[in-house]
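Report on the following structure.
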Amino acid sequence: TGTRETGSYNHHSQIAKFKGKVFLSWSNGRVDEEAEGQRILICSSDDARRWSDPIVVVGDRNEKVVAHNCVAMMATEETLYVVGMSEDTTIDASVVGMRRVDPESYAVSVYASADGVRWEKAFAFDKRIKGIFEAPRATADGHLLCVAVLREGAAILRWPGLDLCEKPEIITVPQPFGASFPYGEGSWYQTDDGAIVIFWRDEGQSCRLWVNTSTDNGKTFSEPAISDVPDSMSRVYAGRLTDGRFFLCGNAFPTLLNRMHLMLLLSDDGYTFNKVYMLVNDPTAQRLTGLLKEDGYQYPCCLVDGDRLLVAYSVNKEDIECGVVDVTQI
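Each position in the sequence shown, counted from 1, maps to that position plus 5 in our numbering.
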């Protein structure tokens with residue numbers, strides 16, 4: 006819960022399971038989004054309902070320049086990784102939007118822990134990579150893959166294998182006319198016929214997800230095309246349930262920046278979505294206003310855990326919640 010004392014900006018939730026516990030990490034700031042002193046926090050739970058007090062992965066709330074964004078979290082058998090994107094910010098909060106951020110200062114780093122408590126920097130990405138917004142996942146042939154944004158535009162990262170701390174291959178993605186992918190906010194799954202399907206958030210205000218595909222395990226990709234899937238211009242998470250169905254979780258509502266409706270879309274084959282569930286849409290509003298904060302339930306990150314789908318999301322960019330969906334009931 007965001008407060009004046011603990012920081013009223015909480016966003017960018019990430020969720021992973023490590024050594025039998027569920028871990029949840031996020032960006033925590035004093036008041037505004039991506040402002041100096043923003044840090045990355047993490048907590049854990051045995052059941053995804055009762056959580057430990059958060060601890061700091063990286064950052065200092067008294068920092069005068071740097072902001073740390075929590076952009077990914079993944080686990081191997083022995084190591085829990087959190088990926089942070091740091092940036093230098095200006096002190097003048099009256100400057101609107103991301104123009105407050107020094108565009109030359111972006112740095113993406115990996116922090117590692119053997120116990121989820123003690124953290125150290127383990128790897129730094131090429132400076133050409135401006136950011137990612139989801140943990141890499143393995144393709145069918147054993148390569149980590151995720152969407153990214155470079156200083157020059159959208160991209161896909163493909164690793165030589167399953168080691169996050171190896172240098173990934175960079176595959177650039179053309180930006181179709183009318184679309185805009187400036188933040189690398191995309192998510193994907195791989196269908197039974199081997200196709201990798203990537204869903205892109207569009208900043209061009211189409212209020213639709215854009216989609217591109219790969220039929221060679223991520224070596225090459227088609228140009229993104231607009232889909233029929235609504236999106237309020239927010240983050241989406243794509244994945245596959247243990248029963249084989251595919252899902253999209255996000256604000257599938259065709260009104261710009263209306264993030265009041267957090268929804269789950271289901272598909273039997275990964276191509277046609279034929280069921281939609283409303284996860285949460287209760288009235289909500291910010292208690293403590295801040296720059297770039299939005300009302301609503303937003304930026305979901307999902308973890309398939311047996312017959313449960315754990316959905317971490319932020320509320321008004323102020324509180325972090327974790328919803329538990331019994332997938333046998335949908």
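All C-beta atoms in this analysis are idealised placements derived from N, C-alpha and C, irrespective of residue type, glycine included.
query: Rounded C-alpha distance that separates Phe-182 from Gly-295; result: 33 Å
query: Contact the stretch 269–278 vs the stretch 9–21: 3+ CB pairs below 8 Å; result: no
query: Cβ pair count under 8 Å reaching 3, the stretch 276–287 against the stretch 17–34; result: no
query: Among Val-106, Thr-81, Gly-121, nearest to Ile-45 - alpha-carbon criterion; result: Gly-121
query: Proximal residues to Thr-94 (C-beta, below 6 Å), its chain only, five neighbours per side dropped; result: Ala-40, Glu-41, Ala-72, Arg-105, Val-106
query: Beta-carbon proximity of Trp-215 to Ser-232, cut-off 9 Å; result: yes
query: Buried/exposed call for Arg-213, threshold 16 Cβ in 10 Å; result: buried
query: At least three beta-carbon pairs within less than 8 Å, the stretch 250–258 to the stretch 298–315; result: yes
query: Beta carbon of Gly-7 nearer than 9 Å to that of Arg-292; result: yes
query: Same chain, Cβ closer than 7 Å to Pro-235, neighbours up to 5 away in sequence not counted; result: Cys-212, Arg-213, Ala-257, Phe-258, Pro-259
query: Buried or exposed (CB count within 10 angstroms, at least 16 for buried), Arg-206; result: buried
query: Helix, strand or coil at Ala-19 according to DSSP, with G and I counted as helix; result: A quick correction: the sequence has Gln, not Ala, at residue 19. Residue state, collapsed to three classes: strand.
query: Status (buried if at least 16 other CB within 10 Å, exposed otherwise) for Asp-365; result: As shown, the chain starts at 6 and ends at 335. That puts residue 365 outside it, with no answer to give.
query: Residues bridged to Trp-193 [DSSP beta-bridge criterion]; result: Ile-203
query: CA nearest to the CA of Thr-220, picked from Glu-82, Arg-240, Gln-195, Asp-168; result: Gln-195
query: For Cys-151 and Leu-169, the rounded distance between their alpha carbons; result: 11 Å
query: Beta carbon of Pro-229 nearer than 9 Å to that of Val-178; result: yes
query: DSSP beta-bridge partners of Asp-331; result: Arg-313
query: Residues bridged to Trp-124 [DSSP beta-bridge criterion]; result: None, per the DSSP bridge assignment.
query: Identity of the residue in Ser-237, Asp-198, Glu-208 nearest Thr-218 by Cα; result: Asp-198
query: Any 3 or more C-beta pairs closer than 8 Å across the stretch 51–59 and the stretch 76–93; result: no
query: DSSP state of Arg-105 mapped onto helix, strand, coil; result: helix
query: Chain-order list of residues whose beta-carbon lies under 6 Å from that of Leu-85 (same chain, five-residue window excluded); result: Phe-23, Ser-118, Gly-121
query: Three-state secondary structure assigned by DSSP to Leu-293; result: coil
query: Supposed contact pair Gly-223 and Ile-325 - C-beta distance, whole angstroms, cut 8 Å; result: Contact doesn't hold; Cβ gap of about 31 Å is too wide.
query: CA nearest to the CA of Ala-153, picked from Gly-191, Ala-80, Ser-30, Asp-312; result: Gly-191
query: Distance, Trp-124 Cα to Ser-49 Cα; result: 15 Å
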